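Residue numbers (full-length UniProt numbering): 1 to 179. The next block holds one structure in the form of structure tokens; read it before the comments.
Laid out in structure tokens, this is it:
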């Protein structure tokens, strides 16, 4: 079992580099320097650059799953979770955002395993929406609306008025459950 603090420090360093410069500047040396670990220490946890990037995608999936589980435990439906207006001040959400942005910066056609890992997370959400909402068109509308809300938050664009957003969620989830 890897030392969680060192393992996470390395992945945090990778995220910072990806966000700052994109995947072209990611080297094992740069990540080790950013994480303040030796290259040998980095290689102990991640034997290659691909393993490092796949570790990032795995952490993205773990963070997303934890966030979804918490929402479901609090009584939200999958559609309500997907349509939520992100709380950009919550640390868990910021971690998910950072991971998603960092992972997507690497999806440039050069690392198919990472692209596949990110796609797996997104497909998992899509499959859960489709299982909850029997009408495939309604499920797709919910997914597209949720993607738009999430993208707006990621880009720092204005989010919908809270009252209008609540009405959108109500309408989409009522239609989805009534189908």
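For glycine and all other residues, C-beta sits at the position ideal for the given N, C-alpha and C. Nothing here was measured: the structure is a model prediction, and the numbers come from that model.
Linking residue 158 to residue 141 through their CA atoms gives a straight-line distance of about 21 angstroms. Burial state of residue 55 is buried, judged by a 10 Å Cβ sphere holding 16 or more other Cβ atoms. Residue burial is scored here from C-beta neighbours: residue 40 has fewer than 16 other C-beta atoms within 10 angstroms and is therefore classed as exposed.
Straight-line spacing of the CA atoms in residue 170 and residue 139 works out to 14 angstroms. Put simply, the backbone Cα of residue 28 is about 15 angstroms away from that of residue 6.
Take residue 35, set aside five residues on each side of it, and the residues of its chain with a beta-carbon closer than 6 angstroms to its own are 9, 10 and 13, in chain order. The C-alpha of residue 33 is placed about 36 angstroms away from the C-alpha of residue 149. Within the same chain, Cβ atoms closer than 7 angstroms to the Cβ of residue 31 are found at 10, 13, 14, 17, 42 and 52, the five residues on either side in sequence being excluded. By the Cβ criterion, the stretch 115-131 is in contact with the stretch 68-82, since at least three pairs of Cβ atoms, one from each stretch, lie closer than 8 angstroms. DSSP places residue 25 in the helix class (H, G or I) of the three-state scheme.
In this structure, residue 78 and residue 128 form a Cβ contact; the two beta carbons are roughly 5 angstroms apart against a cut-off of 8 angstroms.
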